[in-house]
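Peer 1:
In this note's numbering, the protein residues as written are 32 to 273.
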């Protein structure tokens, strides 16, 4: 019985260890500690899931930046807070340098994005807006004149809906213009066809008229010739009688 318990316990430990290893092996992001920053009171860590970098400082972080080494592109934004939470789904896989700006110094932190992070369903697409809402308290957000998250997302949705409606309207207008253009083109082809038919008929009538005149002249000439021959014959007969 004790032997069975021991076997069960070992099996359970193996399952838990395998599970822990499996979870630990799925690393989304790694970060390298900047010892000088830590000594200066700037904590820089990742959350447990590795999808957010957290900066905590004993003095204000007035700005931070991200440098994407793969493309040599950088993002710079003002913060004005002792704490920053930066959602990493905004950044693709690659090596970055995060720089925290304080009055005393500038602190670079090496960050390596390893796995793709799925974007949350209710995520804010604008990086600066997302960072500020993740970093600042509701009170501080209100002090800065930022609407609450629900209102902000509702406004974004309304703008997106308006943009979609405007695009749909533009699309309808474009289709109407294209339809009118095709209709006018078809009418122009019909009118051109009719004009060609009229011109052809007129030319045929003109040619027929010309042939009729020629035929009339020929008949007149034959008639004149016949009359002349008849007169000549009559005259000859008169001479013979006399």
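Beta carbons are placed, not taken as given, at the ideal position from N, Cα and C, and that holds for glycine.
Quick one: give me the first and last residue of the beta strand (DSSP E) that residue 169 is part of.
Peer 2: Along the chain shown, one-based indexing puts residue 169 at 138. Where residue 169 is concerned, there is no enclosing beta strand (DSSP E), although the alpha helix (DSSP H) it sits in stretches over 169-174.
Peer 1: Got a sec? Which residues, its chain only, sit under 7 Å from residue 159 by beta carbon, not counting five neighbours each side?
Peer 2: As a first step, residue 159 must be located in the chain shown, where it is residue number 128. Once the five neighbours on either side are set aside, the close Cβ partners of residue 159 are 108.
Peer 1: Alpha carbon to alpha carbon, how far is residue 90 from residue 113?
Peer 2: Start at 1 with the first residue of the chain shown, and residue 90 comes out as number 59. Start at 1 with the first residue of the chain shown, and residue 113 comes out as number 82. Rounded to the nearest angstrom, the two C-alpha atoms are 6 Å apart.
Peer 1: Whose C-beta lies closer than 6 Å to the C-beta of residue 87 among residues of the same chain, with five residues either side of it excluded?
Peer 2: In the chain shown, residue 87 corresponds to position 56, counting from 1. Contacts found: 74 and 114.
Peer 1: Nearest-angstrom Cα distance between residue 263 and residue 252?
Peer 2: What you label residue 263 is simply residue 232 of the chain shown in a count that begins at 1. What you label residue 252 is simply residue 221 of the chain shown in a count that begins at 1. For residue 263 and residue 252, the distance between alpha carbons rounds to 16 Å.
Peer 1: Please give the ranges of any beta strand (DSSP E) in the stretch 109-149, keeping only runs that are unbroken, at least 3 residues long and fully inside the region.
Peer 2: With a minimum length of 3 residues, the continuous beta strand (DSSP E) runs that stay inside the stretch 109-149 are 125-132 and 137-144.
Peer 1: Give me the Cβ distance between residue 104 and residue 124, rounded to the nearest whole Å; I'm assuming they're in contact under 8 Å.
Peer 2: As a working note, residue 104 is residue 73 in the chain shown. As a working note, residue 124 is residue 93 in the chain shown. Residue 104 to residue 124, Cβ: 14 Å. No contact.
Peer 1: Just the C-alpha distance for residue 257 and residue 246, rounded to the nearest angstrom, thanks.
Peer 2: Within the chain shown, numbered from 1, the residue matching residue 257 stands at position 226. Within the chain shown, numbered from 1, the residue matching residue 246 stands at position 215. Rounded to whole angstroms, residue 257 to residue 246 spans 16 Å at the Cα level.
Peer 1: What did DSSP end up calling residue 87 once you bin it into helix, strand or coil?
Peer 2: Looking up residue 87 in the chain shown gives position 56. In the structure shown, residue 87 sits in a strand (DSSP, three-state: E or B).
Peer 1: Do three or more CB pairs link the stretch 92-103 to the stretch 121-141 at distances below 8 Å?
Peer 2: Touching, yes.
Peer 1: When you compare only the Cα positions, how much space is there between residue 95 and residue 155?
Peer 2: Position 64 of the chain shown, counted from the start, is the residue given in the question as residue 95. Position 124 of the chain shown, counted from the start, is the residue given in the question as residue 155. Whole-angstrom Cα-Cα distance: 19 Å.
Peer 1: Should residue 118 be labelled buried (16 or more other beta-carbon atoms within 10 Å of its own) or exposed?
Peer 2: Locating residue 118 in the chain shown gives position 87, counting from the first residue. Burial call: buried.
Peer 1: By how many angstroms is the C-alpha of residue 225 removed from the C-alpha of residue 250?
Peer 2: Here residue 250 refers to the residue found at position 219 when the chain shown is read from its first residue. Here residue 225 refers to the residue found at position 194 when the chain shown is read from its first residue. Roughly 37 Å separates the two Cα atoms.
Peer 1: Check whether the Cβ atoms of residue 92 and residue 77 lie closer than 8 Å to each other.
Peer 2: Here the question's residue 92 lines up with position 61 in the chain shown. Here the question's residue 77 lines up with position 46 in the chain shown. Not in contact: residue 92 and residue 77 (Cβ atoms no closer than 8 Å).
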